[in-house]
Structure formats: structure tokens, C-alpha cells
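J.:
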Amino acid sequence: MDIKIVNARMERMEDKSYKGKVEAEVTGHKEPYELTIYSKSGDMWEYSLHFLKQPGPEEEILAFEEFIENDGEAFDTLVDAAWDTMEPAGDEA
Numbered sequence: 001m002d003i004k005i006v007n008a009r010m011e012r013m014e015d016k017s018y019k020g021k022v023e024a025e026v027t028g029h030k031e032p033y034e035l036t037i038y039s040k041s042g043d044m045w046e047y048s049l050h051f052l053k054q055p056g057p058e059e060e061i062l063a064f065e066e067f068i069e070n071d072g073e074a075f076d077t078l079v080d081a082a083w084d085t086m087e088p089a090g091d092e093a
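Using the UniProt record's numbering, read the sequence shown as starting at 1 and increasing by one per residue.
(1) For Leu-78, count neighbouring C-beta atoms within 10 Å of its own C-beta (all shown protein chains included) and say buried if the count is 16 or more, exposed if not.
(2) Hey, how far is the Cα of Lys-53 from the Cα of Tyr-33?
(3) Between the Cα of Gly-42 and those of Ile-61, Val-6 and Lys-19, spot the shortest distance and give me the residue it belongs to.
(4) Is it buried or exposed for Asp-76, if we count other Cβ within 10 angstroms and need 16 for buried?
(5) Kindly provide the ranges of any beta strand (DSSP E) runs that are 3 or more residues long and lie completely inside the region 12-39, ordered along the chain.
(6) Please report the distance separating the alpha-carbon of Lys-30 from that of Gly-56.
(7) With H, G and I counted as helix, E and B as strand and the rest as coil, what does DSSP make of Glu-78?
(8) Hey, quick one: how far does the alpha helix (DSSP H) through Glu-87 stretch, first residue to last?
(9) Along the chain, where does the beta strand (DSSP E) that runs through Leu-49 open and close?
Following this line, the structure appears as C-alpha cells:
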């Protein structure tokens, strides 16, 4: 599955958890997607997948979700795109 990352961002929350969003297009799919990711510590990620703008075919979003569930490298690429947008941490003493 060919995924093009359109936009990504990640922020560190006050409780030190991480919350990010990745906007992506999948070749052959009618609508782009938004993947919202969350982690308490930055290693184990929970996610929610939605259509970015308007609803598209259910079979397409289900296929994309199955792909990222079963292809750890693809999921990691999406997480890394958001992670790479974070500002370097300052002194947190």
C-alpha cells in the first residue's frame, strides 16, 4: 500500500504523554485520512483513524486500518513522521 504523508505534528502534553496527528493519502483511495496517535510514554501507541475531510468508502478505511495494524513498519513510519516534528526538549529540571 502506497502512503503519502501530507502533514504531521506531535506535542508533549502537560502530563508528559504524547499526542500526534498524521494526515495521509493512500494511492487509489478516494479520501485522505487522519491518524490520531497517543502514548503515555512514547513507546506503546494507541491510535484512531478517521477520514480527514469527508466520508469515503468504508472498505477503503477498513483496508488501510488492517494494513497499519499488520505492518509495523508502516505504522512506525506514520508515528515517526509526527515524532520528527516535535521541538527539542529544553531543560525540564
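We put the beta carbon where it would ideally sit given N, CA and C, even for glycine. Keep in mind that this is a model prediction, so the values were computed, not measured.
T.: With the given structure in hand:
(1) In the sequence shown, the residue the question calls residue 78 occupies position 78. So Leu-78 counts as buried.
(2) In the sequence shown, residue 53 corresponds to position 53, counting from 1. In the sequence shown, residue 33 corresponds to position 33, counting from 1. Rounded to the nearest whole angstrom, the CA to CA distance from Lys-53 to Tyr-33 is 8 Å.
(3) Along the sequence shown, one-based indexing puts residue 42 at 42. If we check each option's Cα against that of Gly-42, Lys-19 comes out closest.
(4) For this step, residue 76 is matched to residue 76 along the sequence shown. Flag for Asp-76 reads exposed.
(5) Whole beta strand (DSSP E) segments, 3+ residues: 18-26 and 33-39.
(6) Mapped onto the sequence shown, residue 30 falls at position 30. Mapped onto the sequence shown, residue 56 falls at position 56. Those two C-alpha atoms are separated by around 6 Å.
(7) In the sequence shown, the residue the question calls residue 78 occupies position 78. Glu is not the amino acid found at residue 78; the sequence shown has Leu there. In the three-state DSSP reduction, Leu-78 falls in the helix class (H, G or I).
(8) Working through the sequence shown from its first residue, we reach residue 87 at position 87. It is not in any alpha helix (DSSP H) - Glu-87 carries neither H nor E in the DSSP assignment.
(9) Start at 1 with the first residue of the sequence shown, and residue 49 comes out as number 49. Going by DSSP, Leu-49 is part of the beta strand (DSSP E) stretching over 46-51.
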